[in-house]
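Protein chains: 2
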Amino acid sequence: MQVIEKFLKENEPRFVRELSEYLRFPSVSAQPKHRSDLTACAGWIEKHCRQLGLQTRLWSTPGNPILVAKTPRVAGARKPHFLVYGHYDVQPAEPFELWKSPPFEARIEGRSLFARGATDNKGQHFAHLKAVEAYRACGVELPCDLTFLIEGEEEVGSNHLAAFVKKHRAELRCDGVVISDNSLPSLKHPALTYALRGIVALEIRLDGPARDLHSGLFGGAVDNPAMALCQLLGKLRDARGRVAIPGFYYDVRPLSTYERRQMARLPYDERKFKKLLGVPELFGEHGFTANERRSARPTCEINGLTSGYQGDGSKTIVPSWASAKLTFRIVPNQKPEKIRELIEKQLRKLCPPTVRLTIEAGHGGDPYFVSPDGAQAQAALRALKSAFGHAPVLLREGGSIPVVNDLKKILGVDALMLGLALPDDNPHSPNEKISLDAFAKGMRMSAHLWQELANITRK
Amino acid sequence: MQVIEKFLKENEPRFVRELSEYLRFPSVSAQPKHRSDLTACAGWIEKHCRQLGLQTRLWSTPGNPILVAKTPRVAGARKPHFLVYGHYDVQPAEPFELWKSPPFEARIEGRSLFARGATDNKGQHFAHLKAVEAYRACGVELPCDLTFLIEGEEEVGSNHLAAFVKKHRAELRCDGVVISDNSLPSLKHPALTYALRGIVALEIRLDGPARDLHSGLFGGAVDNPAMALCQLLGKLRDARGRVAIPGFYYDVRPLSTYERRQMARLPYDERKFKKLLGVPELFGEHGFTANERRSARPTCEINGLTSGYQGDGSKTIVPSWASAKLTFRIVPNQKPEKIRELIEKQLRKLCPPTVRLTIEAGHGGDPYFVSPDGAQAQAALRALKSAFGHAPVLLREGGSIPVVNDLKKILGVDALMLGLALPDDNPHSPNEKISLDAFAKGMRMSAHLWQELANITRK
Numbered sequence: 001m002q003v004i005e006k007f008l009k010e011n012e013p014r015f016v017r018e019l020s021e022y023l024r025f026p027s028v029s030a031q032p033k034h035r036s037d038l039t040a041c042a043g044w045i046e047k048h049c050r051q052l053g054l055q056t057r058l059w060s061t062p063g064n065p066i067l068v069a070k071t072p073r074v075a076g077a078r079k080p081h082f083l084v085y086g087h088y089d090v091q092p093a094e095p096f097e098l099w100k101s102p103p104f105e106a107r108i109e110g111r112s113l114f115a116r117g118a119t120d121n122k123g124q125h126f127a128h129l130k131a132v133e134a135y136r137a138c139g140v141e142l143p144c145d146l147t148f149l150i151e152g153e154e155e156v157g158s159n160h161l162a163a164f165v166k167k168h169r170a171e172l173r174c175d176g177v178v179i180s181d182n183s184l185p186s187l188k189h190p191a192l193t194y195a196l197r198g199i200v201a202l203e204i205r206l207d208g209p210a211r212d213l214h215s216g217l218f219g220g221a222v223d224n225p226a227m228a229l230c231q232l233l234g235k236l237r238d239a240r241g242r243v244a245i246p247g248f249y250y251d252v253r254p255l256s257t258y259e260r261r262q263m264a265r266l267p268y269d270e271r272k273f274k275k276l277l278g279v280p281e282l283f284g285e286h287g288f289t290a291n292e293r294r295s296a297r298p299t300c301e302i303n304g305l306t307s308g309y310q311g312d313g314s315k316t317i318v319p320s321w322a323s324a325k326l327t328f329r330i331v332p333n334q335k336p337e338k339i340r341e342l343i344e345k346q347l348r349k350l351c352p353p354t355v356r357l358t359i360e361a362g363h364g365g366d367p368y369f370v371s372p373d374g375a376q377a378q379a380a381l382r383a384l385k386s387a388f389g390h391a392p393v394l395l396r397e398g399g400s401i402p403v404v405n406d407l408k409k410i411l412g413v414d415a416l417m418l419g420l421a422l423p424d425d426n427p428h429s430p431n432e433k434i435s436l437d438a439f440a441k442g443m444r445m446s447a448h449l450w451q452e453l454a455n456i457t458r459k
Numbered sequence: 001m002q003v004i005e006k007f008l009k010e011n012e013p014r015f016v017r018e019l020s021e022y023l024r025f026p027s028v029s030a031q032p033k034h035r036s037d038l039t040a041c042a043g044w045i046e047k048h049c050r051q052l053g054l055q056t057r058l059w060s061t062p063g064n065p066i067l068v069a070k071t072p073r074v075a076g077a078r079k080p081h082f083l084v085y086g087h088y089d090v091q092p093a094e095p096f097e098l099w100k101s102p103p104f105e106a107r108i109e110g111r112s113l114f115a116r117g118a119t120d121n122k123g124q125h126f127a128h129l130k131a132v133e134a135y136r137a138c139g140v141e142l143p144c145d146l147t148f149l150i151e152g153e154e155e156v157g158s159n160h161l162a163a164f165v166k167k168h169r170a171e172l173r174c175d176g177v178v179i180s181d182n183s184l185p186s187l188k189h190p191a192l193t194y195a196l197r198g199i200v201a202l203e204i205r206l207d208g209p210a211r212d213l214h215s216g217l218f219g220g221a222v223d224n225p226a227m228a229l230c231q232l233l234g235k236l237r238d239a240r241g242r243v244a245i246p247g248f249y250y251d252v253r254p255l256s257t258y259e260r261r262q263m264a265r266l267p268y269d270e271r272k273f274k275k276l277l278g279v280p281e282l283f284g285e286h287g288f289t290a291n292e293r294r295s296a297r298p299t300c301e302i303n304g305l306t307s308g309y310q311g312d313g314s315k316t317i318v319p320s321w322a323s324a325k326l327t328f329r330i331v332p333n334q335k336p337e338k339i340r341e342l343i344e345k346q347l348r349k350l351c352p353p354t355v356r357l358t359i360e361a362g363h364g365g366d367p368y369f370v371s372p373d374g375a376q377a378q379a380a381l382r383a384l385k386s387a388f389g390h391a392p393v394l395l396r397e398g399g400s401i402p403v404v405n406d407l408k409k410i411l412g413v414d415a416l417m418l419g420l421a422l423p424d425d426n427p428h429s430p431n432e433k434i435s436l437d438a439f440a441k442g443m444r445m446s447a448h449l450w451q452e453l454a455n456i457t458r459k
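Quick note, the sequences are listed as chains Y and H, same order.
So the first sequence is numbered by the working numbering: it starts at 1 and just counts up by one.
So the second sequence is numbered by the working numbering: it starts at 1 and just counts up by one.
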């Protein structure tokens with residue numbers, strides 16, 4: 001292991017250059033204009049895997065291509081097989097003007113590498129690839145067979161992954177899944193994540209007058225769709241920060257005392273947290289701590305509002321329509337289908353007869369929960385400790401990784417979630433970055449992990 | 001008068017061509033990029049006035065130029081002097097995609113001329129100019145001295161007009177003001193408008209996190225500025241359609257029984273009105289008719305909403321900020337300054353501590369009210385009758401013409417408001433048009449008006 005660690009350390013500058021090249025592709029899956037950039041990005045990472053000695057195949061789907069890259073199997077050897085999941089697509093970079101440097105030209109400042117996708121998720125799965133490179137370059141046999149599964153539609157709901165995995169179930173059968181697509185509280189708190197929030201996304205639109213109306217000539221005699229939208233959306237969250245939809249909390253698994261105690265171990269400084277986010281005051285569901293609110297409690301968020309005139313100056317109109325993008329984070333054991341029904345029912349109930357409501361369903365994802373006592377989880381905790389030099393913590397995470405549920409359903413195995421994103425990495429925001437220290441420790445953790453996992457499987 | 005009417009009729013096709021040329025200028029005062037188009041448009045109408053034999057001068061201001069064009073004074077003759085007001089600036093044409101033909105390329109369909117500014121206001125003041133042309137071309141002496149005052153900032157609050165009129169008070173002193181910048185219920189209901197609504201415009205912005213946040217990582221622990229905006233704005237209007245701001249209605253002059261009876265004379269068909277506007281149901285302040293609501297009652301309108309991600313697909317963020325453009329229509333005897341204070345006070349009171357509120361004051365305009373019994377008003381009613389062939393109605397109008405109040409304050413005279421816009425002319429909306437019949441009758445009305453006004457002044 002020492003020789004591998006030495007190789008990883010010595011070659012880090014080259015790895016960062018390679019990652020920077022990978023980050024040049026504006027592989028924004030939400031925006032149709034970037035379709036060809038996604039294909040080009042997939043081609044680049046396939047070629048890179050091939051150069052590392054992996055056996056690769058880029059599969060086309062009705063959406064973006066999926067890369068499968070395997071470490072060469074040694075004839076006769078019976079090694080444990082793990083699937084490493086990642087995604088090469090990224091969130092939109094808008095608003096561009098808030099980036100300190102172009103989002104698709106990676107920039108290093110201190111021990112940070114800035115670019116869209118740096119931490120979510122190119123940098124994180126790249127760390128696992130570099131661990132494989134280290135084993136091969138140092139002539140050390142990999143103790144596990146690995147299959148990298150790297151898709152291009154994670155940010156838009158992984159629409160074609162489940163069907164792909166089903167179709168290739170035999171080839172992808174494995175002893176477990178490893179995913180680094182989430183975060184750790186600090187470099188001193190390496191973390192294993194045991195629960196995730198799910199998501200329900202939708203877009204609503206209220207149509208009023210057939211066209212924008214002069215607010216002087218007609219204002220007062222017709223409803224204003226922007227006002228109707230505000231009044232409708234405003235009723236979805238109550239003054240105590242709870243989602244005000246009947247039945248919404250019915251399936252929520254209450255936090256146990258043990259879990260709340262684990263959560264209280266995490267570093268948290270309200271003043272620093274407020275400063276990090278730049279908010280004047282925190283806000284959330286009464287009766288829960290900030291860490292609980294953002295990882296273990298469901299939410300209703302407005303992601304975008306659009307109505308009427310948004311240019312310079314004023315325009316005295318009653319706008320013809322108003323729309324909103326919404327996402328609800330859900331927690332174990334809420335079901336996205338059921339929650340979506342409850343939301344739509346409440347929206348239709350609240351919508352006044354003066355406007356026409358259209359609801360467009362977006363993506364959905366189940367929450368995830370697994371007990372952290374298993375042998376693989378314990379092996380992962382040891383790998384974290386070796387690589388980071390600190391006792392790892394157990395985490396619930398607020399984001400969604402819908403693929404975790406898909407892989408569990410189809411392949412019947414749980415996932416080890418070993419995130420490398422720091423709290424100030426700005427995923428989904430301008431000036432996204434990855435910490436080069438987290439990247440370096442992530443590569444070491446990956447190298448240790450295969451050893452630890454092989455040990456327990458051998459027993 | 002017959003020879004003048006004949007000339008107007010025979011030359012109408014040429015007048016429409018000239019008006020179409022005037023409508024080619026995208027003289028959008030709200031958008032800085034159109035600054036040079038405004039100058040070019042002002043130059044065009046000045047040149048046109050000169051060609052009609054008017055004595056013109058284009059005055060520069062800190063904003064857009066103001067045109068003063070006078071009919072030549074006859075030495076020794078003591079004629080009554082009237083000021084004709086108009087504006088060559090127009091509303092933004094957005095959203096462009098809803099126009100059936102380009103907004104700045106006038107298109108005739110049947111008896112309609114489509115273009116941004118066709119009815120608001122280029123077509124309306126152009127009708128008055130053509131009446132002057134008719135008098136001169138027919139060799140009939142104009143019974144009044146006229147001064148056309150045509151500005152370029154009406155759609156952004158006429159910021160430099162009042163100072164200009166003050167400075168040129170001596171030259172502009174007159175017996176009355178004539179303004180055609182509003183509407184009539186139908187060609188069978190020519191109208192004199194005796195009251196107008198005023199306006200208070202403002203823009204508010206709520207700032208939350210310093211940047212867009214990943215809604216999975218942070219959602220639940222911070223307020224969502226878009227949700228805060230919806231909850232704030234939603235509280236500005238109650239379920240009975242009233243503006244929910246303490247003190248807002250205190251100065252509202254109640255509608256008299258006579259006024260309500262006048263208003264009930266106006267043509268109104270709820271089914272047709274709903275169809276015209278394209279709304280599923282009407283909505284407004286309880287206890288008032290649709291015509292009362294849109295002309296004699298104050299309102300709160302959201303003109304635009306902006307927050308977060310508005311592109312294709314979804315983006316799972318807590319947006320950093322949310323903003324809204326608002327206008328409040330006010331009625332006699334509300335004062336814009338006082339109403340603005342009440343609004344701002346309520347917004348600050350309702351704003352939660354979790355976001356930072358910024359209020360940017362927009363333009364304001366007083367409401368207007370004048371009794372329709374005076375001699376000039378009666379003369380105008382006779383001119384309307386002669387030109388349209390129908391008994392005129394008395395109107396309160398829902399739009400603002402702030403200049404009416406400014407001219408009254410500075411010059412001490414009332415305004416005759418003789419609108420030529422039909423209810424389906426779409427001012428401020430896509431596919432704005434002017435009815436060529438209204439344009440033709442407007443020219444005749446203008447020709448009659450100077451005769452009628454000269455008669456009463458002579459008495």
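Note that beta-carbon positions come from the ideal geometry of N, C-alpha and C, so glycine has one too.
Given the structure is predicted, the values throughout are model-derived calculations rather than measurements.
Helix, strand or coil at residue i [DSSP, three-state]
i	result
H:T257	helix
H:V3	helix
Y:A440	helix
Y:N291	helix
Y:V252	coil
Y:L44	Note on identity: in this sequence residue 44 of chain Y is Trp, with Leu being the wrong assignment. Correct three-state label for Y:W44: helix.
Y:I339	helix
H:D406	helix
H:L422	coil
Y:N11	coil
H:T39	helix
H:K345	helix
H:G234	helix
Neighbourhood of residue i by C-beta, 6 Å cutoff - its chain only, sequence neighbours within 5 removed
i	result
Y:A93	P103 and R116
Y:A162	D406
H:S20	A106
Y:A415	V177, I179 and V404
Y:I108	none
Exposed unless 16 or more other CB atoms sit within 10 angstroms - verdict on residue i
i	result
Y:P13	exposed
Y:V318	buried
H:R348	exposed
H:A421	buried
H:P209	buried
Y:Y88	buried
Y:Y465	The displayed coordinates of chain Y run from 1 to 459. Any statement about residue 465 of chain Y would go beyond what the structure contains.
Neighbour list for residue i in chain H, Cβ cutoff strictly below 7 Å
i	result
Y:Q310	G304 and T306
Y:E171	Here the premise fails: no neighbours, minimum Cβ distance about 31 Å.
Under 9 Å by beta carbon: chain H residues contacting residue i
i	result
Y:P92	Y309, G311, D312, G313 and K315
Y:D406	Those within 9 Å of Y:D406 in chain H number zero; the least Cβ separation is about 17 Å.
Interface partners of residue i on chain Y, CB under 7 Å
i	result
H:N224	E301 and I302
H:E281	P353 and T354
Own chain partners of residue i with C-beta closer than 8 Å, once the 5 adjacent residues on each side are dropped
i	result
Y:V222	G208, P209, L213, V318 and T354
Same chain, Cβ closer than 7 Å to residue i, five either side skipped, listed in chain order
i	result
Y:E133	L52
Jot down the residue ranges of each uninterrupted beta strand (DSSP E) in the segment 88 to 154 of chain Y, minimum 3 residues, whole runs only, in chain order. 107 to 109, 112 to 114 and 145 to 151
| What are the complete alpha helix (DSSP H) segments, minimum 4 residues, inside the segment 278 to 325 of chain H? | 290 to 295
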